[in-house]
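So the sequences go chain by chain: U and L.
Mapping of the first sequence onto this note's numbering: position 170 corresponds to residue 722, and the numbering continues sequentially without gaps.
Mapping of the second sequence onto this note's numbering: position 43 corresponds to residue 225, and the numbering continues sequentially without gaps.
Ideal placement from N, C-alpha and C gives every residue a C-beta, glycine not left out.
If you're wondering where the values come from, they're calculated on a predicted model, not measured in any experiment.
Report on one structure; see the data block that follows.
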Amino acid sequence: MGKDEAMIELIDVSKSFTLHNQGSAVIPVMEGASLKVEPGECVALTGSSGAGKSTLMRVIYGNYLAASGQVLVGGVDVAKAAPRQILSLRRDTLGYVSQFLRVVPRVPTLEVVAEPLLSVGCDKQVALDKAVGLLKRLNIPERLWTLSPTTFSGGEQQRVNIARGFAHEYPAMLLDEPTASLDAQNRETVLSLIEEAKHRGAAIVGIFHDLEARERVCDREVNVSDFTPGLAA
Amino acid sequence: MTPLLQVKGIEKRYGARVGCTDVNFDLYPGEVMGIVGESGSGKSTLLNCMAGHLEPDAGQVIFDTRVDGPVDTVTMSEPERRMLSRTDWAFVHQHARDGLRMSVSAGGNIGERLMAVGDRHYGDIRDKAVDWLGRVEIDASRVDDRPSAFSGGMQQRLQIARNLVTGPRLVFMDEPTGGLDVSVQARLLDLLRGLVREMGLSAIIVTHDLAVVRLLADRLMVMKSGHVVEAGLTDQVLDDPQHAYTQLLVSSVLQV
């Protein structure tokens, strides 16, 4: 893949939901969505609440099935790929920092953060060292590292989730409000992590309600209302 | 890459009733697949057909054997299939007592499977048994106790140790966390996930617990009335279910 080729590219993507148990209502939520993100670039999704920012992120990650169009990530069409291809794409290429931490209960925080590295075959000690570095940068106190994050506060869980999301250096990343509910110092750390990821060539799509953060790390904005059926003229 | 298991057109009927029909999928090394559906949807029938406990009326279950490559296990001889189920396959029953010998010590339960594949040195067998008790978090001092003296959760962990000691490549699990209280379930999930990653296991897990499949399974198959109504990536099937039944299933889960 050449330097100027897009890492993430959506071509004329549409998405609708069919609610079989509610009179088979068909709700179109996205039409004609096109987007191109090159390596080292960060694109912010904007639009009012309910316009479809999270929907678009999920279509890229593959947990929402696109109704039509192409969703290319690192050359793989997520809209049509077999589960096995999407799994390997998520393991190696495409990272997702969601707003919610979902983990197996009882697994210590350190292992939760190191897991993405272990699953790409990274040496255990190297993975744990990297996890330690990230947890320190994100101010998670050392006494919590051996505990499961399930009992942590909302802000702590959010930071563990970010540490986990940045452990492996994914070439493509999706960030869902990465700075929400963080204090100034941790927010600064997260913004530096994003800048470092861009610097090493990661293509990033993000939702940032934090305007200052958006202006600092994002190169462009894409208003998803343009893809909302009935809204775009 | 060759699939570890290829299931083609599996059908099982009980008289005029359909147990399961027209089931097709490939499972690759290291993948964990969940099968969900309500009681009576055919998921256990399917699991038992794949594991050789039931003879399907039609279809193939092709397993990539170490020596001969892909072989249809439905048509292989009974001794061959039994050898496979003692070596490369493992089956974790919902009720641990179905998978354990209740009158034999914990160590004996683990050792028996080793002896079945030719281990003869008593000291080695005992060492491996103690090692595996440790891995499933059962204290080594319990090695000579019978499973009847164990709690339900411990019995389930012992059953898993007994199954995994021979280093299988494919594990069939029938409701492995069913009937256990939630803290024990969490412990078992953590254990299973660790074992799957460290040993590179593939697994097929039948359950009705959507939270369990979300955490353990990469892929998901949804069954209703013997048919596969939906299949795909676990989070895609759960977050964006396409079939009416899956939508009902997902929306019926109680939030905690």
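Residue i - partner residues in DSSP beta bridges
i, result
"U:Phe779", "Paired residues: none, contrary to the question."
"U:Tyr648", "U:Leu726"
"U:Lys567", "U:Met582"
"L:Ile217", "L:Val388 and L:Met403"
"U:Gly627", "U:Gly627 pairs with nothing; no bridge assigned."
"L:Glu380", "The partner list for L:Glu380 (beta bridge, DSSP) is empty, contrary to what the question assumes."
"L:Arg279", "DSSP, once it has assigned bridges, lists no residue as partnering L:Arg279."
"U:Thr598", "U:Asn775"
"L:Gly290", "According to DSSP, L:Gly290 bridges with nothing at all."
"L:Ala240", "L:Glu193"
Three-state secondary structure (DSSP) of residue i
i, result
"U:Glu583", "strand"
"L:Val419", "helix"
"U:Ala558", "coil"
"L:Gly414", "strand"
"L:Cys202", "strand"
"U:Ala785", "A caution first: U:Ala785 carries a pLDDT of 44, below 50, which makes its placement in the model unreliable, though a value can still be read off. It is coil, neither helix nor strand."
"L:Trp271", "strand"
"U:Met553", "A caution first: U:Met553 carries a pLDDT of 47, below 50, which makes its placement in the model unreliable, though a value can still be read off. If DSSP states are grouped into helix, strand and coil, U:Met553 belongs with coil."
"L:Cys231", "helix"
"L:Gly224", "coil"
"L:Ser320", "The sequence shown places Ile at residue 320 of chain L, rather than the Ser named in the question. Three-state result, L:Ile320: coil."
"U:His751", "helix"
"L:Tyr210", "coil"
"U:Gly614", "coil"
"L:Arg396", "helix"
"L:Gly408", "coil"
"U:Ser620", "strand"
"L:Asp250", "coil"
"L:Val432", "helix"
"U:Gly707", "helix"
"U:Glu767", "helix"
"U:Glu773", "strand"
"L:Leu187", "strand"
"L:Glu193", "strand"
"L:Gly245", "Just to set this straight, residue 245 of chain L is Phe in the shown sequence, not Gly. Here L:Phe245 sits in strand by DSSP."
"U:Val757", "strand"
"U:Lys588", "strand"
"U:Ala577", "strand"
"U:Ala633", "coil"
Whether residue i touches residue j by CB criterion (8 Å)
i, j, result
"L:Leu371", "U:Val656", "yes"
"L:Leu398", "L:Ile386", "no"
"U:Gly706", "U:Ser733", "yes"
"L:Met381", "L:Gly349", "yes"
"U:Ile560", "U:Val589", "yes"
"U:Gly673", "U:Met725", "no"
"L:Val274", "L:Thr255", "no"
"L:Met355", "L:Phe207", "no"
"L:Arg339", "L:Leu383", "no"
"U:Leu680", "U:Leu662", "yes"
"U:Glu729", "U:Ile759", "yes"
"L:Arg328", "L:Val366", "no"
"U:Val774", "U:Leu597", "yes"
"L:Thr416", "L:Val435", "no"
"L:Asp204", "L:Gly191", "yes"
"L:Glu193", "L:Gly241", "yes"
"L:Asn291", "L:Arg283", "yes"
"U:Val628", "U:Gln637", "yes"
"U:Glu557", "U:Ala755", "no"
"U:Pro668", "U:Arg716", "yes"
"U:Pro701", "U:Val664", "yes"
"U:Thr607", "U:Lys632", "no"
"L:Arg369", "U:Arg658", "yes"
Which listed residue (the options) has its alpha carbon closest to that of residue i
i, options, result
"U:Val565", "U:Leu639, U:Tyr616 and U:Leu696", "U:Tyr616"
"L:Gln188", "L:Val200, L:Arg396 and L:Glu213", "L:Glu213"
"L:Asp313", "L:Ser285, L:Leu392, L:Val411 and L:Val347", "L:Val347"
"U:Gln651", "U:Phe779, U:Asn775, U:His720 and U:Met609", "U:Met609"
"U:Arg643", "U:Thr661, U:Pro660 and U:Ala666", "U:Ala666"
"L:Val239", "L:Gly251, L:Val253 and L:Thr257", "The sequence given here places Asp at residue 239 of chain L; Val does not occur at that position. Selected option, being the one with the closest Cα: L:Thr257."
"U:Leu690", "U:Leu669, U:Ala736, U:Ser576 and U:Pro668", "U:Ala736"
"U:Pro781", "U:Lys750, U:Gly602, U:Asp762 and U:Leu727", "U:Gly602"
"L:Lys406", "L:Arg195, L:Leu209, L:Gly222 and L:Thr184", "L:Gly222"
"L:Asp326", "L:Gln418, L:Glu319, L:Val432 and L:Arg308", "L:Arg308"
"U:His761", "U:Val684, U:Ser777, U:Thr607 and U:Ser600", "U:Ser600"
"L:Asp391", "L:Gly408, L:Leu373, L:Arg375 and L:Leu420", "L:Leu420"
"U:Ala619", "U:Gly592, U:Thr570 and U:Ala634", "U:Thr570"
"U:Ser777", "U:Asp675, U:Val769 and U:Lys605", "U:Lys605"
"U:Ala749", "U:Pro635, U:Ser576, U:Phe718 and U:Leu763", "U:Phe718"
**Report entry** Entirely enclosed beta strand (DSSP E) segments - the segment 303-375 of chain L, minimum 3 residues
**Finding:** 352-356
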